[in-house]
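All the letters of the sequence shown, read from the start, carry residue numbers 54 to 309 under this note's numbering.
Since the structure comes first, as structure tokens, the remarks are kept for the end.
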Amino acid sequence: MAATDLFARRATLARSVYLLRQFRYEQTDPARFYGALALDTAALVTDLWKGVHGDDPTGGTVLDVGGGPGYFATAFAEAGLRYIGVEPDPGEVHAMHAAGSASSPGTFVRASGMALPFADDSVDICLSSNVAEHVRRPWRLGNEMLRVTRPGGLVVLSYTVWLGPFGGHEMGLTHYLGGRRAAARYTRRHGHPPKNNYGSSLFAVSAAEGLDWARHTGALVAAFPRYHPRWAWRMTSAPGLREFLVSNLVLVLRAG
Numbered sequence: 054m055a056a057t058d059l060f061a062r063r064a065t066l067a068r069s070v071y072l073l074r075q076f077r078y079e080q081t082d083p084a085r086f087y088g089a090l091a092l093d094t095a096a097l098v099t100d101l102w103k104g105v106h107g108d109d110p111t112g113g114t115v116l117d118v119g120g121g122p123g124y125f126a127t128a129f130a131e132a133g134l135r136y137i138g139v140e141p142d143p144g145e146v147h148a149m150h151a152a153g154s155a156s157s158p159g160t161f162v163r164a165s166g167m168a169l170p171f172a173d174d175s176v177d178i179c180l181s182s183n184v185a186e187h188v189r190r191p192w193r194l195g196n197e198m199l200r201v202t203r204p205g206g207l208v209v210l211s212y213t214v215w216l217g218p219f220g221g222h223e224m225g226l227t228h229y230l231g232g233r234r235a236a237a238r239y240t241r242r243h244g245h246p247p248k249n250n251y252g253s254s255l256f257a258v259s260a261a262e263g264l265d266w267a268r269h270t271g272a273l274v275a276a277f278p279r280y281h282p283r284w285a286w287r288m289t290s291a292p293g294l295r296e297f298l299v300s301n302l303v304l305v306l307r308a309g
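Listed below in structure tokens is the structure:
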């Protein structure tokens, strides 16, 4: 069985439409959006594990790098995994602890993905969802994820491709004017800089760069668009075109 076979059955047009509709609530009702995304992500990771190993990941440990305020903890616990969330932003860490104390059965740590405070080969699954485009050295993040993952374990690194329609985040399609121009335009319009500010908390990361890094590790087992239906996955293999159409690239690596 290929690593993506099980998840491919879930990657339908209906799923894509549903997640796109939920995205409308990211700013106004983040719990609704991120709750739906968390369930989908836990299903994605579980399917990938089963595709690689042929069994269920129940009882394993998942390390979520850049996990934000802890929306994913409950979803992964329900999937039978021990959840550790890592986040460098103290505000997000405070929210994670609040979420954990209220209902989320996870462990939450304030740390940087550039230097994870975990021993080599210490977790079964290392996940990073939409973080690589927010750091200056995304492949150092990827290397750290590989370092802490046990041999045979999975690294699942998913990120927003800059030239895709969501590359500008809250700046919308203005990022096609250039990152700095888009940020300046947003600031003039709203009276404050964007949260995801180009050059400081948002960077232009391409699909080609991620694929090149993953291939050079020798650990790559799959790469596909995260939110697209299965029949659209082939665009990942189309240089140039993939930069505009993949939108969010998932890199799946098996630690050696």
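Heads up, the beta-carbon is just placed ideally off N, CA and C, and yes, glycines get one too.
{"Query": "Segments assigned alpha helix (DSSP H), at least 4 residues, entirely inside the region 72 to 106", "Result": "83 to 106"}
{"Query": "Terminal residues of the beta strand (DSSP E) in which threonine 202 lies", "Result": "202 to 213"}
{"Query": "The region 91 to 102 / the region 121 to 130 touching (three or more Cβ pairs under 8 angstroms)", "Result": "yes"}
{"Query": "Threonine 160 beta carbon less than 8 angstroms from that of isoleucine 137", "Result": "yes"}
{"Query": "Counted within 10 angstroms of its Cβ, other Cβ atoms place proline 247 as buried (16 or more) or exposed", "Result": "buried"}
{"Query": "Cβ pair serine 290, glycine 217 closer than 8 angstroms", "Result": "no"}
{"Query": "Under 8 angstroms between C-beta atoms of leucine 306 and alanine 260", "Result": "no"}
{"Query": "Neighbourhood of glycine 153 by C-beta distance below 7 angstroms, restricted to the same chain and skipping five residues each side", "Result": "In this prediction, glycine 153 has a pLDDT of 46, which is less than 50 and means its spatial position is unreliable; nothing more can be read from the coordinates."}
{"Query": "8 angstroms Cβ cutoff met for leucine 304 and glycine 271", "Result": "no"}
{"Query": "Rounded C-alpha distance that separates tyrosine 71 from leucine 255", "Result": "26 angstroms"}
{"Query": "Span separating the alpha-carbon of arginine 135 from that of alanine 237", "Result": "42 angstroms"}
{"Query": "Where tyrosine 251 sits in the DSSP three-state scheme", "Result": "strand"}
{"Query": "Residue from Ser211, Thr227, Gly205 with nearest C-alpha to histidine 106", "Result": "Gly205"}
{"Query": "Cβ neighbour criterion (16 or more within 10 Å) applied to glycine 133", "Result": "exposed"}
{"Query": "Residues that glycine 138 bridges to, as DSSP identifies them", "Result": "Asp117, Phe161"}
{"Query": "At least 3 beta-carbon pairs within less than 8 angstroms: the region 57 to 65 vs the region 277 to 295", "Result": "yes"}
{"Query": "Pair within 8 angstroms by beta-carbon distance, serine 181 and valine 118", "Result": "yes"}
{"Query": "Alanine 185 - DSSP class collapsed to helix/strand/coil", "Result": "helix"}
{"Query": "Proline 170 in three-state terms, based on DSSP", "Result": "coil"}
{"Query": "Burial state of aspartate 177, where buried means 16 or more other Cβ atoms lie within 10 Å", "Result": "buried"}
{"Query": "Inter-residue spacing [alpha-carbon to alpha-carbon] between glycine 166 and alanine 185", "Result": "10 angstroms"}
{"Query": "Identified DSSP bridge partners for leucine 302", "Result": "Tyr212, Pro278"}
{"Query": "Same chain, Cβ closer than 6 angstroms to phenylalanine 171, five either side skipped, listed in chain order", "Result": "Val201"}
{"Query": "In DSSP terms, what valine 176 is bridged to", "Result": "Thr202"}
{"Query": "Beta bridge counterpart(s) of arginine 307 as assigned by DSSP", "Result": "Leu207"}
{"Query": "Beta-carbon spacing of leucine 230, leucine 101 below 8 angstroms", "Result": "no"}
{"Query": "Straight-line Cα distance separating arginine 241 from leucine 302", "Result": "31 angstroms"}
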